[in-house]
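*Asks:*
Residue numbers (the numbering used here), protein chains in the order written: chain C, 1 to 450; chain F, 1001 to 1176.
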């Protein structure tokens, strides 16, 4: 478990930083500092110097020595910022080591000569209880002022989360956007030839670290979704020979079916409060959208059109559902109230529109457009402003970063059928492939961890 | 192009039934993936039991319905049973009438040019369309189960219209 702490108090317990800390005012809650936020256009790339953190007392932990962790934390922060596409980090490689005193009193003259706009410094130390304390500080080199500071106490095995939290705070301060690095991704790990593909449920951190397989691959797994509290995963498995949705409990490793129905169920989604499961079910060949309480009970049928009604996701306030239907002749995107009323088509652009996914910010719906090739795009919930973010042979199934600024999807290669997970931001720029263990598809991004 | 595949399948059904020359390969049909649908598309009919085929077995079913006679093909995004499909399913129904204790599983499949969830739904429609047609021919619906594999189990692995036409299919497999 990661715990946030006040750094001014923390540093006073350190022998070297004590004097400095006492002269530094305690950090204010972010809400009180709105006018201090440095906002800039996302097209502008900021140069940030990230020297290795300081480890004042070299200590061995189960995650390695604090001297090594001090450098690795800076590496994770640097990689997060670089991968967002909005920063050009410098270091920790090639930058000089800093002292603990510098963490709170940086040598602005020196760093201003390193061609950087911002400076991130920090420290790590192991406490008597075995937990790690990580502090990070952001300075603006233009004004020689501190922008923000954060402190965290984490068990050694969760050290990366402290790095993600630091990177998140810096990203938020400098872009004005909500954080997203400290989050996890569920996906389907793929291997094997195209006609005998092995598909396993897997999870990883948002940067690909801490990868874990959850199923063996003996039966095909598809379309996972993390619950909002990260305690369980909804996904489709052919475990009993038929496509059916299960809830997989991460702590126990056990799973259960979401309905007692013998009909095939697929395309599962959580409601934002985690209390309701949205899914599709085929009865006698006809697929409709249903919802059911996570506790079980009687499912509620939401669509009755004679076409295929499938998929969907809740608006962030839970009041509406976006889904796809071919009732008008081919796959298009529709919006309805959460009780199934007021069903309206919203996609009218060229081609078919599929796999709609409501942004956690509520302002956009991501989708797959099928017009020859498959491309990922976004539109407003009223269907206006449709624009494409990717251009490839087959890009499919967008999932939103928790801040609604970045989208992941999977890309399939022509002929080989090999799949990979990609990320792109809302400008359509900064497209990059995620590191996965083997091939990957069906990414599902979870919320920011508490 | 899709019509061509169906016509070809019909010709093959006829020729295997008449001449039992299942070994005859047709160049433009890619080999069926092994281990996916257990069909006989483009493959020779396996010999078993010293060359004799047990009456009522899956091998017997495949030998009787002939090359590609275990499957019907669909147009893009469609699930209707056309004349060629009807002929194929009629041959299957004859065999099923001969072995009233046999049950079947119909697998619905799609090509890769559809999104995953929609293809699961479309595969359901295709499998049920084949089931309903067999039922209309007098086969008890309780003998027929269905499963959709969406785009997960392609029979032909290319990314071209010919492969996609072969993958938009409903395949009948005998069980028990």
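From the three backbone atoms N, C-alpha and C, an ideal C-beta is built for every residue, glycine too.
1. Consult DSSP for residue 1164/F and reduce its assignment to one of helix, strand or coil.
2. Drop a sphere of 10 angstroms on the beta-carbon of residue 23/C, count the other beta-carbons inside from all chains shown, and report buried for 16 or more, exposed for fewer.
3. Could you name the residues of the region 261-295 of chain C whose beta carbon sits closer than 8 Å to any beta carbon of chain F, in the order they occur along the chain?
4. If we call anything under 8 Å between Cβ atoms a contact, is residue 214/C one with residue 248/C?
5. Straight-line CA distance for residue 389/C to residue 135/C?
6. At a cut-off of 7 Å, would you count residue 107/C as near the ligand ADP, judging by its Cβ distance to the nearest heavy atom?
7. Taking a contact to mean a Cβ-Cβ separation below 8 Å, would you say residue 409/C touches residue 402/C in this structure?
8. Output the residue ranges of the beta strand (DSSP E) runs that lie fully inside the region 309-333 of chain C and measure 3 residues or longer, sorted by chain position.
9. Counting only Cβ pairs nearer than 9 Å, list the residues of chain C close to residue 1128/F.
10. With a threshold of 8 Å between beta-carbons, can residue 331/C be considered close to chain F, or not?
11. Can you tell me the Cα-Cα spacing of residue 18/C and residue 73/C, whole angstroms?
12. What residues from the region 410-422 of chain C come within 8 Å of chain F, judged by C-beta to C-beta, listed N to C?
13. Going by the CB atoms, is the gap between residue 1137/F and residue 1093/F shorter than 8 Å?
14. Could you tell me the alpha carbon to alpha carbon distance between residue 217/C and residue 143/C, rounded to whole angstroms?
15. Can you find at least 3 beta carbon pairs, one from the region 86-99 of chain C and one from the region 147-163 of chain C, that sit closer than 8 Å?
16. Please return the same chain residues whose Cβ sits closer than 6 Å to the Cβ of residue 394/C, not counting the five positions on each side in sequence.
17. Which of the three DSSP states is assigned to residue 133/C in this structure?
18. Using Cβ-Cβ distances below 9 Å, what residues of the region 1149-1160 of chain F are close to chain C?
19. Determine, for residue 324/C, whether the minimum Cβ-Cβ distance to residues of chain F falls below 8 Å.
20. Below 8 Å on C-beta distance, what does residue 1162/F contact in chain C?
21. Are residue 1145/F and residue 1105/F closer than 8 Å when you measure CB to CB?
22. Anything in chain C within Cβ reach of residue 1140/F, meaning under 9 Å, just list it in chain order.
23. Name, going along the chain, the residues of the region 216-233 of chain C whose beta-carbon falls closer than 8 Å to a beta-carbon of chain F.
24. Would you decide whether residue 307/C is buried or exposed? Buried here means 16 or more other CB atoms lie within 10 Å of its CB.
25. Whole angstroms are fine: how far does the CA of residue 122/C sit from the CA of residue 169/C?
26. Give the interface partners of residue 355/C over in chain F, defined as CB-CB distance under 9 Å, in chain order.
27. For residue 1135/F and residue 1116/F, I'd like the C-alpha separation in whole angstroms.
28. Would you please state the rounded distance, in angstroms, between the beta carbons of residue 118/C and residue 141/C? I believe it to be under 8 Å.
29. Could you name the residues of chain C that residue 1147/F contacts, counting a contact when the two beta carbons are closer than 8 Å?
30. Go ahead and pull the three-state DSSP assignment for residue 448/C.
31. What alpha helix (DSSP H) runs, 4 residues minimum, are completely inside the region 335-403 of chain C?
32. Do you know offhand how far residue 313/C's Cα is from residue 47/C's?
33. Check whether the region 242-259 of chain C touches the region 343-358 of chain C, counting contact only when three or more Cβ pairs, one atom from each stretch, lie closer than 8 Å.
34. Out of curiosity, what's the CA-to-CA distance linking residue 207/C and residue 365/C?
35. Check distances from the C-beta atoms of the region 391-409 of chain C to those of chain F and list, in chain order, the residues that come in under 9 Å.
36. According to the neighbour-count rule (16 or more other Cβ atoms, all chains shown, within 10 Å of its Cβ), is residue 195/C buried or exposed?
*Replies:* Concretely, from the data shown:
1. Looking up residue 1164/F in the second chain gives position 164. Looking at residue 1164/F - three-state DSSP - the assignment turns out to be helix.
2. Here residue 23/C refers to the residue found at position 23 of the first chain. Only weak support exists for where residue 23/C lies, its pLDDT of 29 falling under 50; the value from the coordinates is given anyway. When all chains shown are included, residue 23/C counts as exposed.
3. 264, 266, 267, 280, 282, 284, 285, 286, 287
4. If you number the first chain from 1, residue 214/C lands on position 214. If you number the first chain from 1, residue 248/C lands on position 248. Their beta carbons are under 8 Å apart, which means residue 214/C touches residue 248/C by this criterion.
5. Here the question's residue 389/C lines up with position 389 in the first chain. Here the question's residue 135/C lines up with position 135 in the first chain. So the alpha carbons of these two residues sit roughly 37 Å apart.
6. Ligands displayed in this structure: none; no statement on the ligand ADP is therefore possible.
7. As a first step, residue 409/C must be located in the first chain, where it is residue number 409. As a first step, residue 402/C must be located in the first chain, where it is residue number 402. For residue 409/C and residue 402/C, no; Cβs fall outside 8 Å.
8. 309-314, 320-325
9. Taking the second chain and counting its residues from 1, the one referred to as residue 1128/F is at position 128. 282, 284, 285, 286, listed in chain order.
10. The residue labelled residue 331/C in the question sits at position 331 within the first chain. Chain F, which has a Cβ nearer than 8 Å to the Cβ of residue 331/C, makes this yes.
11. As a working mapping, residue 18/C is identified with position 18 in the first chain. As a working mapping, residue 73/C is identified with position 73 in the first chain. Residue placement at residue 18/C cannot be trusted, given a pLDDT of 29 that sits under 50; what the coordinates show is reported in the next sentence. Looking at the two C-alpha atoms, the distance is approximately 23 Å.
12. 412, 414, 415, 417
13. Start at 1 with the first residue of the second chain, and residue 1093/F comes out as number 93. Start at 1 with the first residue of the second chain, and residue 1137/F comes out as number 137. Contact flag set, yes.
14. The residue given as residue 217/C occupies position 217 in the first chain. The residue given as residue 143/C occupies position 143 in the first chain. So the two alpha carbons sit approximately 55 Å from each other.
15. no
16. The count along the first chain starts at 1 and reaches residue 394/C at position 394. Cβ neighbours of residue 394/C beyond the five flanking positions: 374, 412.
17. Translated into the one-based positions of the first chain, residue 133/C becomes position 133. Residue 133/C: strand per DSSP, three-state reduction.
18. 1149, 1150, 1152, 1153, 1154, 1155, 1156, 1157, 1158, 1159, 1160
19. Taking the first chain and counting its residues from 1, one reaches residue 324/C at position 324. With 8 Å as the cut-off, residue 324/C counts as an interface residue toward chain F.
20. Within the second chain, numbered from 1, the residue matching residue 1162/F stands at position 162. Neighbours of residue 1162/F on chain C: none; closest Cβ ~13 Å, over 8 Å.
21. Here the question's residue 1145/F lines up with position 145 in the second chain. Here the question's residue 1105/F lines up with position 105 in the second chain. A contact, by the Cβ cut-off of 8 Å.
22. The residue given as residue 1140/F occupies position 140 in the second chain. Within 9 Å Cβ-Cβ: nothing; residue 1140/F doesn't reach chain C, min ~16 Å.
23. 220, 222, 223
24. Position 307 of the first chain, counted from the first residue, corresponds to residue 307/C. The residue is buried, with at least 16 neighbouring Cβ atoms inside 10 Å.
25. Translated into positions along the first chain, residue 169/C becomes position 169. Translated into positions along the first chain, residue 122/C becomes position 122. So the alpha carbons of these two residues sit roughly 13 Å apart.
26. As a first step, residue 355/C is located in the first chain; it is residue number 355 there, counting from the start. Per Cβ cutoff of 9 Å: 1115, 1116, 1117, 1118.
27. Here the question's residue 1135/F lines up with position 135 in the second chain. Here the question's residue 1116/F lines up with position 116 in the second chain. If you take the alpha carbons of residue 1135/F and residue 1116/F, they lie about 29 Å apart.
28. Along the first chain, one-based indexing puts residue 118/C at 118. Along the first chain, one-based indexing puts residue 141/C at 141. With a Cβ gap of about 6 Å, residue 118/C and residue 141/C count as contacting.
29. Within the second chain, residue 1147/F is the residue found at index 147, counting from 1. In chain order: 241, 242, 243, 264.
30. Taking the first residue of the first chain as 1, we reach residue 448/C at position 448. Reduced to three states, the DSSP call for residue 448/C is strand.
31. none
32. Counting from one through the first chain, the residue named residue 313/C turns up at place 313. Counting from one through the first chain, the residue named residue 47/C turns up at place 47. Taking the straight line joining both Cα atoms gives about 37 Å.
33. no
34. Counting from one through the first chain, the residue named residue 207/C turns up at place 207. Counting from one through the first chain, the residue named residue 365/C turns up at place 365. Near 24 Å, if we compare the C-alpha coordinates of residue 365/C and residue 207/C.
35. 393, 394, 396, 397
36. Within the first chain, numbered from 1, the residue matching residue 195/C stands at position 195. Residue 195/C should be labelled buried.
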